[in-house]
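Scroll down for the structure; my scribbles are underneath it.
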Amino acid sequence: MTSNNRRVVITGIGVMAPGAVGAKAFWELLSSGKTATRLVTGFESSGFRSRIAAQCDFNPEAEGLGPQEIRRMDRAAQMAVIAARESIADSGIDLAGWDPARIGVTLGTATGATMGLDIEYRVVSDDGRLHLVDPAYMAPHLYNYLVPSAFAAEVAWLAGAEGPTAVVSTGCTSGLDAVAHAREVLAEGSADVMITGATDAPVSPITLACFDAIKATTPRNDEPETASRPFDLTRNGFVLGEGAAIFVMEERESALRRGAHIYAEIAGFASRCNAFHMTGLRPDGREMAEAISVAMKQAAVRAEDIDYINAHGSGTKQNDRHETAAFKHSLGATAYDIPVSSIKSMVGHSLGAIGSIEIAASALAIEHNVVPPTANLNVPDPECDLDYVPHTARERQIDTVLTVGSGFGGFQSAMVLTGPDGGAS
Amino acid sequence: MTAPVVTGPVVTRPVVTGPVVTGIGIAAPTGLGTEEHWRATLAGRPSIRRITRFDPAPYPSQLAGEVTGFEPADHLPSRLIPQTDHMTRLALVAAAEALADAEVANGDMPEFDMGVVTAASAGGFEFGQNELEKLWSKGSHHVSAYQSFAWFYAVNTGQISIRHGMRGPSGVVVSDQSGGLDAIAHARRHLRKGTKLVVTGGVDGSICPWGWLGQLASNRLSTSQDLDQAYLPFDTRACGHVAGEGGALLIVEDGEAAAERGARKLYGQISGYAATFDPKPGTGREPALRRAILGALADAGAGPDEVDVVFADAAGLPRLDHEEATAINAVFGPGGVPVTAPKTMTGRLYAGAASLDVATALLAIRDQVIPPTINVSPDPRLALDLVTGEPRSASLRTALVLARGYGGFNSALVVQAVNGQRTK
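Protein sequences appear in the order of chains G and H.
Going by this note's numbering, the first residue of the first sequence is number 1443, and it counts up by one from there.
Going by this note's numbering, the first residue of the second sequence is number 12, and it counts up by one from there.
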């Protein structure tokens, strides 16, 4: 491993999002301001406080997965593999022509195979009646559900990767932190190509139940399509989502040599912990502000260089005020001049996956010079007084994007993406 | 230039650049606490026994390495008990020991200069089983508010950072058994970017019926009921592994930062690391472990002849043992380096295993003795110089720790004594 700090760029994007299979459909959804939040499907949800989710609509067979793959892969792994395949095709990279040892994988996930585990648990416990769960009903692929590292293995097999491979799991910042991890692996020279991103499929009874218990999710069950309302005074919790976004990332010089299309450079990243509470946030946003400042310094960008902020914007009062404070702390008065939006208003909060889905949105914003909007923002919260781009996408020259995440465990992450020509002018 | 000759933790320190280990905390079947673990390990004392944490009778595998005599209330504030899984409690105890060992108290250093990077494999599975049980037998309203974080993979990092006021760059890696090394490597990345101190390693365990079923599904658990024959890596009788719980957490610091604050213990330096992934099954290509070893040595700037001992992954299955022995022999020559697997005493601790091996390797370097592999009669066809029976006194300056995770993960880490040559 050498520490020569090589520059790292995104050359392929694959997205599996609620309401959108594929990066193209995903961008159309975002730029149209439509929402994909609905009542939960797939299991009986009538007993839950919050019964809304943003779910993906895909057929694994139609997406090219074989019967054995479908059987052994949890839904989150399936989504990762489908998005990975899209990103590899999109990048135009011929992985078969690369040294497998120089290809690696870092995947993020917060909840792993929670859906598969919930389903298998019901069987072996006979719906919770047996504490000594019955081995006679054990699924043969249960270990693949037990350890989310199995997701990274699936993607490595798809890509023919034999370099550094791992899962990063830091709750709701996993999607940012996994890509940052892959960037480190590339920057230090431990690999030349990384397949990286994140996936989560947490829409299961146990996840609904635990978010019900802490009232983190919105109970606005009669208005599912407008239930996710970041920065709106009437917001009352987030909408659970699912999805995956996977990228092909390469060392910049090598990508240029092969004539790859470069979406964006990962120019800066930092993460901090709040060391405060497993689910709570300090209102002052100090840790996120610190992460933003360090990421900007690393990227050598100033506040006035930032053309768009992709907010965490989960739609809890605590979060929205926390990160608004963080933007003001780190960017000063310039924070008022930068468009800020939360795509969670449209695709929900897919926990460990959303950070990568938001990186995809950020890279595509640079690609198209369009700021995706914050849907459902009708009644501004006076304590959230930045420019949150309500309802309608906005055209704007975008060279530099700040995207942030915040999550249980106290994790706060910030990433700066710049355009293919180096971003900041 | 002559380096000072030392026995035990160094008191007068040379300044080392790069990451150094300044504290160790251990919660393992061999002992709660570093010295207890080390004494048991040198004595070759087995800690594998019939499972007591639940009734294992319905299951084909009934042995495990459990941490015994652990009363959470003796170690942790009462408010932390209801919100933590067993493995998180063990992790909190190990973290506190490691920080005390490094003589770092809360508030001693700026909060943003300290981080936490841990490895996980299955998260707080016992906590998760209890909540699933309530959900399906009683209804969703009975699920604990703590479920939202007590089982997830990031829990140990979060809880340690909160308890010790660490607000710097942190992280969590999941790569099955390899994670214990991958976490340390990621901590090293944070140090290189300016973080001064990181608590890192893995403490793991899912010895509950639901977790046990998941582990059984790997088809790698030994079904032997014989305490002395259940886990026999590198033996012709190898028949799978025994699972365990626990692990180790280390305090790693930038060498200069450690010197600046006057750290008194320098167990060693983290000098090399590499991770690889095996080819997809069925391709017939060479497993990638050899490449991980060579990568870690190159990273450390060390040749194979400088390695004094290898702490093996020791899968305990004939195919995997053969792969590991082949990789070791390809780099060091047949019988070319002493190899040991103290995890024969504890069982395999998943994300906790490799960081415990790193801790044990550092203690081995400190005391110039290689702890033994127990119960094993080495298969001569594997041509390993396996340290069995008694501990072996040796001049130890450089140790290589190997870890392999289910699915194809390989990691290798080199740790070295900090101050030049030891007495030869």
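C-beta: ideal position from N, C-alpha, C; glycine also.
Please read all numbers here as calculations on a predicted model, not as lab measurements.
Cutoff 7 Å; reference residue i; Cβ partners in own chain excluding five residues on either side
i: residue 12/H; result: In this predicted model, residue 12/H has a pLDDT of only 36, less than 50, meaning its place in the structure is not dependable; the value taken from the coordinates is given anyway. None.
i: residue 1878/G; result: Summary: the structure shown does not reach residue 1878/G, with chain G confined to residues 1443 through 1867, and so no result is reported for it.
i: residue 435/H; result: Its pLDDT being 31, under 50, residue 435/H is placed unreliably by the model, and the measurement read from it follows with that caveat. Excluding residues within five positions, the ones whose Cβ falls inside 7 Å are 406.
i: residue 1718/G; result: 1724 and 1852
i: residue 1738/G; result: 1710 and 1858
i: residue 1528/G; result: 1456, 1464 and 1465
i: residue 390/H; result: 245, 246 and 247
Cα-Cα separation, residue i to residue j
i: residue 169/H; j: residue 1715/G; result: 8 Å
i: residue 415/H; j: residue 302/H; result: 13 Å
i: residue 1727/G; j: residue 127/H; result: 20 Å
i: residue 96/H; j: residue 81/H; result: 13 Å
i: residue 1487/G; j: residue 36/H; result: 45 Å
i: residue 1695/G; j: residue 404/H; result: 50 Å
i: residue 334/H; j: residue 1836/G; result: 57 Å
i: residue 1720/G; j: residue 239/H; result: 42 Å
i: residue 292/H; j: residue 1579/G; result: 27 Å
i: residue 1866/G; j: residue 1842/G; result: The predicted model places residue 1866/G with a pLDDT of 43, which falls under 50 and marks its position as unreliable; any figure quoted below should be read in that light. Roughly 6 Å between the two C-alpha positions.
i: residue 135/H; j: residue 1541/G; result: 38 Å
i: residue 219/H; j: residue 284/H; result: 33 Å
i: residue 1768/G; j: residue 1673/G; result: 14 Å
i: residue 271/H; j: residue 277/H; result: 13 Å
i: residue 1855/G; j: residue 1712/G; result: 6 Å
i: residue 1780/G; j: residue 137/H; result: 46 Å
i: residue 186/H; j: residue 131/H; result: 8 Å
i: residue 299/H; j: residue 289/H; result: 5 Å
i: residue 1494/G; j: residue 1461/G; result: 14 Å
i: residue 1644/G; j: residue 1850/G; result: 15 Å
i: residue 22/H; j: residue 273/H; result: Confidence at residue 22/H is low in this model, with a pLDDT of 46, below 50, so the placement of that residue should be treated as unreliable; the coordinate-derived value is given next. Each residue's alpha carbon lies about 10 Å from the other.
i: residue 253/H; j: residue 418/H; result: 18 Å
i: residue 330/H; j: residue 160/H; result: 38 Å
i: residue 1803/G; j: residue 379/H; result: 55 Å
i: residue 1547/G; j: residue 1741/G; result: 24 Å
i: residue 1425/G; j: residue 1796/G; result: No answer is possible for residue 1425/G: it lies beyond the span of chain G, which begins at 1443 and ends at 1867.
Identity of the residues DSSP links to residue i by a beta bridge
i: residue 1687/G; result: 1457/G and 1640/G
i: residue 396/H; result: 349/H
i: residue 1722/G; result: Its beta-bridge partners do not exist; DSSP assigns none.
i: residue 252/H; result: 232/H
i: residue 1545/G; result: 1635/G
i: residue 215/H; result: 257/H
i: residue 39/H; result: 42/H
i: residue 424/H; result: 284/H and 412/H
i: residue 355/H; result: Answer by DSSP bridge pairing: none, since residue 355/H is not bridged.
i: residue 26/H; result: According to DSSP, which records beta bridges pairwise, residue 26/H is partnered with nothing at all.
Boundaries (first-last residue) of the beta strand (DSSP E) holding residue i
i: residue 262/H; result: 257-265
i: residue 1750/G; result: 1750-1752
i: residue 417/H; result: From DSSP, residue 417/H is part of no beta strand (DSSP E); its letter is neither H nor E.
i: residue 280/H; result: 279-288
Sequence-distant residues of its chain with Cβ nearer than 6 Å to residue i (five each side left out)
i: residue 475/H; result: Residue 475/H is absent from the structure shown; chain H starts at 12 and stops at 435.
i: residue 315/H; result: 342 and 343
i: residue 259/H; result: 37, 212, 366, 367 and 370
i: residue 1586/G; result: 1514 and 1592
i: residue 176/H; result: 117 and 122
i: residue 221/H; result: 140
i: residue 1624/G; result: 1548, 1636, 1638 and 1691
Delimiting residues of the alpha helix (DSSP H) encompassing residue i
i: residue 1520/G; result: 1517-1533
i: residue 1656/G; result: Premise fails: residue 1656/G is in no alpha helix (DSSP H) and is neither H nor E.
i: residue 140/H; result: 136-148
i: residue 1736/G; result: 1728-1741
i: residue 1509/G; result: 1509-1514
i: residue 385/H; result: No alpha helix (DSSP H) contains residue 385/H, which DSSP labels as neither H nor E.
Listed by chain order, chain B residues near residue i by CB distance under 9 Å
i: residue 1612/G; result: Looking for chain B here will not work: the only protein chains present are G and H.
Spatial neighbours of residue i in its chain, beta-carbon cut-off 8 Å, leaving aside the 5 residues before and after
i: residue 1778/G; result: 1827, 1828 and 1829
i: residue 1564/G; result: 1570
Residue i Cβ short of 7 Å to the ligand FAD heavy atom set
i: residue 109/H; result: Judged by which ligands are present, the structure shown has none, so any question about the ligand FAD falls away.
Where in the stretch 1779-1860 of chain G do unbroken runs of the beta strand (DSSP E), each at least 3 residues long, occur, reported from the N-terminal end onward?
-> 1842-1849 and 1853-1860
What beta strand (DSSP E) runs, 3 residues minimum, are completely inside the stretch 49-77 of chain H?
-> 59-61 and 74-76
Runs of beta strand (DSSP E) lying entirely within the stretch 290-329 of chain H, each at least 3 residues, in chain order | 320-322
3-residue-minimum beta strand (DSSP E) runs that sit fully inside the stretch 1457-1512 of chain G, ordered along the chain = 1479-1481 and 1494-1496
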